[in-house]
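To start, the structure under review is shown below, and the notes come after it.
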Amino acid sequence: MNRRDLLISAGLAPLALQALSRWSVAEAQDGSRIFTLANPTGFPDLDPSTSFSNDGLVLANVYESLTRYVPGTTEAPASVAPLLAESWQATDGGKTWTFTLRKGVRFHDGTELTAEAVKGSIERTMKIGGGAAFIWSAVTAITAPDPLTVVFSLSTAQPLDLIASAGFAGWIISPAAQAQDNAWFNAGQDGGTGPFRIDSYEPGQRVIASRFADHWGGTPEGGFDTAVFEVVEDSVLAQSMIESGNADWTYSLPFDNLEAMKANPDLQVVANPSFENLFALLNTRRAPLDRPRVRQALALAFPYDDVITAGTAGLGTRSRGIVPPGIWGHDPEAPMVMTDLEAARALLAEEGLADSGLELTLTYVTSDALEALAGELWKANLETLGITLTLQPMAWEAMWDLSKADPAQAQDILLLYWWATYVTPYDYLFNLFHSEETPTFNLAYYSNPAFDRLIDEAAALSGTDRAKAEDMFKAAQRMMIEDAPAVFILDKPNVHILRSDVKGYADNPAYGHVVFVNDLSR
Amino acid sequence: MRGLHQRLGWPGAVSLALILIAFGMALLAPWVAPFPDQGAGAPSIATKFLPPSADHLLGTDHLGRDMVSRVIYGARVSLSSGLLIVAFSLLIGLPVGVLAGYFGGWLDEGLMRITDVFLAFPALLLAVLMAAALGPGLLNSIVAVAVTWWPWYARMARAEVLALRGQPYVEAAQLMGVGHPRIILRHILPAAVRPLSVQAALDVGPALLTASALSFLGLGVLPPTADWGQMVDAGRKFFPERWWYSAAPGMAVFILALAFSVLGDALRDRAGGRRDGSA
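Chains as they are written, first to last, in numbering that gives the first Met the number 0: chain D, 0 to 521; chain B, 0 to 278.
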């Protein structure tokens, strides 16, 4: 039966071929003008109206929004900077926003940026209503009184300049492309104004984008001609690509390998705090996790420090509630649940679940080493409490489908990362815990009218009375810690690995997993 | 041992010994492993990623677990999945082959065409597809491999039965009016099973290799159960700085698969020699 052995090796050969074919792209042109990004996931949706995932990496280089968020530094607080809008003004107590557009901006198809195009773009996104379209929910009307002026009318006062800086759903699309459907965009065509335009797209493989010569910002000195977004799901391949110079940028490599990479003179390892955190959503619609005290017991049994030490090489930090530091509304005084197996045991006993042989299922993404480690360590702790945690690694798509099933049939616990759509605490609290008819990201299936009211009111106030809104958001976070629909694990460090000859890299935590290739040079 | 090595040759005897040792370790894992709780999956963060030393002969993994213990516990999964794959495959393949060979005609045609359909797919590809459809888990991966494995036994069983069907003692039984079930069970099956069982025993090696390939691809056992294929995959991410993580389970798979292969050759040589002599 040697034929079988042959077949096993034959089965692995395509993997090797795939690896080789990636390099042929880089060899075709002068390598120094090409910036190759090894991205650990595919790009699920390249439609700028509905994109709400890792596709943001591509779109942020191809499209532009009205404004851009600039993170705070030791010298200056965070601010919102002009991008396609040159200036803006809020009137009517924050309920009317007037944006003045930049002159001489051209779309990739040659047409000029007009107020009508901005109106049409946001209206298309709102009309489709998918992805992150909720960021525009307060907008009641958009008008274009002259070619360079757009006026937004809102139902409640909102910081629209900040909202317009979102990494999703804020992209401005050319009028011709606005008429196209989702399939058109996902066939590798774009309608942006950004410094790069999409040349070709092979789903699951790569996006190749080349510099747009007529970009309003011109070409920075030493800027790259081509950006190649390679999908490299295997972290081992990604690491060998960056080490050998076949990729210029990557992230999501095992934290344990960072020390060795820091010592490598060919690489720069950039670690920054991020707006991204890891947490476990507990199925609040399914016994016994429908009881808050059982959920609290699970939170008490979580090995926070061990996961941070072993899983992030100590680079992660404990979460205090769902809103990470650096975002307004973060609560540095929020109570932090400490690992305490005895307290967990006592709580379970009070709930009649002492050594009950309880069985729970945890789902997480197969390729995610940190999630796997968190699961394994949690499982070990729960075992001492007589709870069997079944670890169920799954492909993201399968995990997503399962989580959309009837909550009574879905997983008990799910590990998830979140990063800001735009910089507001509402984004975290609304997407993850606000009641939903059909859950999108509220995968704890949590429903609490008092909580909903609190954050909705806080959101309505955030344009006018920021201090009060902040207090309400903090109260809402404490409510979530107390009621424990989720276990808040850690705030993730943002670690990017670049070739050391790449200049100009600056991390912007508001755009998770995004690098703006236009800022870079070699 | 002297008799054994004469019959199998030194390589065959050594291989057999290695296989028996592996089975012994798998059976006695809780007593043989230096850190049985770690072998079963208990983490020990303080000893994370230690290189091989006197305390940990093969080092420790990303959760600080002793690799010797993990490899020994992994033998349980690998060997039992090898055995179960072969057992499940026989369970399907043997009846199909015997029925097809004995009754012939349209039944033979029908069953063998179904068998051909399964054989038409590359084995590992089909196993990966099946495992992905069933979801991860030890039993699922065993079923997935067995689905690609049974047609071989069906074809072998059919060939044996075809030869046996024309034997005078079978024809005599038929003429005496003995019923089909009895002829199959009493006269055909015992004779057909013997050559198949040798082949099946030797197939445990390749079956184990395929199961390891599946778990290497993330389609095998669920953590924290130790499994060689899954351990190689987990360790790969830390290679080459922590080479021992992948190397220990990798060597275990290599040695065991090689042992089965060498033993198989030894047994085949022996069988071949005897057949020539008696012909």
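Virtual Cβ for every residue (Gly too), placed ideally from N, Cα, C.
Going along chain D in order, which residues have a C-beta closer than 7 Å to the C-beta of residue i?
i: B/Arg235; result: Val235
Compare the C-alpha of residue i against each of the options and name the closest.
i: D/Ala246; options: D/Phe254, D/Val227 and D/Lys261; result: D/Val227
i: D/Gly351; options: D/Pro287, D/Ala368, D/Gly325 and D/Leu297; result: D/Pro287
i: D/Leu369; options: D/Thr308, D/Ala475, D/Ala300 and D/His495; result: D/Thr308
i: D/Ala333; options: D/Thr387, D/Ile326, D/Val322 and D/Gly166; result: D/Val322
i: D/Gly92; options: D/Gln157, D/Gly217 and D/Phe254; result: D/Gln157
i: B/Pro248; options: B/Glu240, B/Pro239, B/Pro35 and B/Ala233; result: B/Ala233
i: B/Leu266; options: B/Ile254, B/Asp202 and B/Leu207; result: B/Asp202
i: D/Arg105; options: D/Val117, D/Leu147 and D/Asp213; result: D/Asp213
i: D/Ile141; options: D/Gly130, D/Ser52 and D/Thr124; result: D/Thr124
i: B/Gly38; options: B/Asp107, B/Glu240, B/Val177 and B/Thr224; result: B/Thr224
i: D/Gly191; options: D/Pro253, D/Pro264 and D/Val117; result: D/Val117
i: D/Thr439; options: D/Tyr427, D/Ala262 and D/Ala371; result: D/Tyr427
i: B/Val31; options: B/Val197, B/Tyr72, B/Ala212 and B/Pro222; result: B/Tyr72
i: D/Ser173; options: D/Pro81, D/Asn493 and D/Glu111; result: D/Glu111
i: B/Gln166; options: B/Phe34, B/Ala156, B/Ala190 and B/Leu3; result: B/Ala190
i: B/Phe215; options: B/Ala206, B/Gly204, B/Pro205 and B/Met230; result: B/Met230
i: D/Thr99; options: D/Gly109, D/Leu82, D/Asp108 and D/Val231; result: D/Leu82
i: D/Leu359; options: D/Thr365, D/Gly374, D/Leu431 and D/Thr35; result: D/Gly374
Are the beta-carbon atoms of residue i and residue j separated by less than 8 Å?
i: D/Tyr421; j: D/Ile134; result: yes
i: D/Gly511; j: D/Ser154; result: no
i: B/Leu118; j: B/Pro94; result: no
i: B/Ala131; j: B/Thr147; result: no
i: D/Pro47; j: D/Trp170; result: yes
i: D/Phe195; j: D/Arg210; result: yes
i: D/Leu384; j: D/Leu414; result: no
i: D/Ala312; j: D/Leu266; result: no
i: D/Val150; j: D/Leu281; result: no
i: B/Gly58; j: B/Trp243; result: yes
i: D/Ala59; j: D/Gly166; result: yes
i: D/Tyr250; j: D/Ile496; result: yes
i: D/Glu279; j: D/Ile412; result: Checking the sequence, you will find Ala at residue 279 of chain D rather than Glu. It is a contact, given that the beta carbons lie within the stated cut-off.
i: B/Val116; j: B/Val220; result: no
i: D/Val523; j: D/Tyr68; result: This structure gives no information on residue 523 of chain D, because the portion of chain D shown stretches from 0 to 521.
i: B/Glu159; j: B/Leu195; result: yes
i: D/Arg292; j: D/Glu341; result: no
i: D/Lys378; j: D/Leu388; result: yes
i: D/Arg319; j: D/Met335; result: yes
i: D/Gly203; j: D/Gly55; result: no
i: D/Ala483; j: D/Ile454; result: no
i: D/Val235; j: B/Arg235; result: yes
Name, please, each residue of chain B whose Cβ falls closer than 9 Å to the Cβ of residue i.
i: D/Leu428; result: None at all; the shortest Cβ gap to chain B is about 32 Å.
Residues of chain D with a CB under 9 Å from the CB of residue i: which are they?
i: B/Leu19; result: Correct list: empty, because the minimum Cβ distance to chain D is about 22 Å.
i: B/Glu240; result: Asp255, Asn256, Glu258 and Ala259
Would you mind telling me which residues of chain B sit closer than 7 Å to residue i, beta carbon to beta carbon, in chain order?
i: D/Ala371; result: Pro222
Which residues in chain D sit within 8 Å of residue i, going by Cβ to Cβ distance?
i: B/Pro194; result: The premise fails here: B/Pro194 is roughly 14 Å from chain D at the closest Cβ pair, so nothing lies under 8 Å.
Applying a beta-carbon distance threshold of less than 8 Å, which residues of chain B neighbour residue i?
i: D/Thr311; result: Those do not exist, as D/Thr311 stays about 12 Å from chain B at its closest Cβ, beyond 8 Å.
If you measure from the beta carbon of residue i to each beta carbon in chain C, is any gap under 8 Å?
i: D/Ala343; result: Absent here is chain C; the protein component of the structure consists of chains D and B.
**Request:** Could you please tell me which residues of the region 41-70 of chain B, in chain order, have their CB closer than 8 Å to any CB of chain D?
**Result:** Ala41, Pro42, Ile44, Lys47, Phe48, His61, Leu62 and Gly63
**Message:** Extract the residue ranges of the alpha helix (DSSP H) inside the region 212-250 of chain B, only unbroken runs of 4 or more that lie entirely within it.
**Reply:** 227-235
**Request:** With a floor of 4 residues, list each alpha helix (DSSP H) that falls wholly inside the region 155-237 of chain D, ordered by position along the chain.
**Result:** 159-162, 174-177 and 181-185
**Against chain D: residues of the region 114-137 of chain B by CB proximity under 7 Å** = Flagged, chain order: Pro121, Ala122, Leu123, Leu124 and Pro135.
**Prompt:** What residues in the region 369-398 of chain D bring their beta carbon closer than 9 Å to a beta carbon of chain B?
**Reply:** Ala371, Leu372, Gly374, Glu375, Leu376, Lys378, Ala379, Glu382, Thr389, Leu390, Gln391, Pro392, Met393, Ala394 and Ala397
**Request:** Name, going along the chain, the residues of the region 279-308 of chain D whose beta-carbon falls closer than 7 Å to a beta-carbon of chain B.
**Result:** Asp305 and Thr308
**Request:** Quick one: which residues of the region 343-373 of chain D get their C-beta closer than 9 Å to a C-beta of chain B? List them in chain order.
**Result:** Flagged, chain order: Thr365, Ser366, Ala368, Ala371 and Leu372.
**Message:** At a CB distance below 9 Å, what residues from the region 167-180 of chain B approach chain D? Give them in sequence order.
**Reply:** none
**Chain-ordered residues of the region 205-219 of chain B with a beta carbon less than 8 Å from chain D** = Pro205, Leu208, Thr209, Ala212 and Gly217
**Prompt:** Where in the region 394-432 of chain D do unbroken runs of the alpha helix (DSSP H), each at least 4 residues long, occur, reported from the N-terminal end onward?
**Reply:** Correct list: 395-402 and 424-432.
**Request:** Would you list, in sequence order, the uninterrupted alpha helix (DSSP H) runs of no fewer than 4 residues that lie entirely inside the region 285-339 of chain D?
**Result:** 291-299 and 303-311
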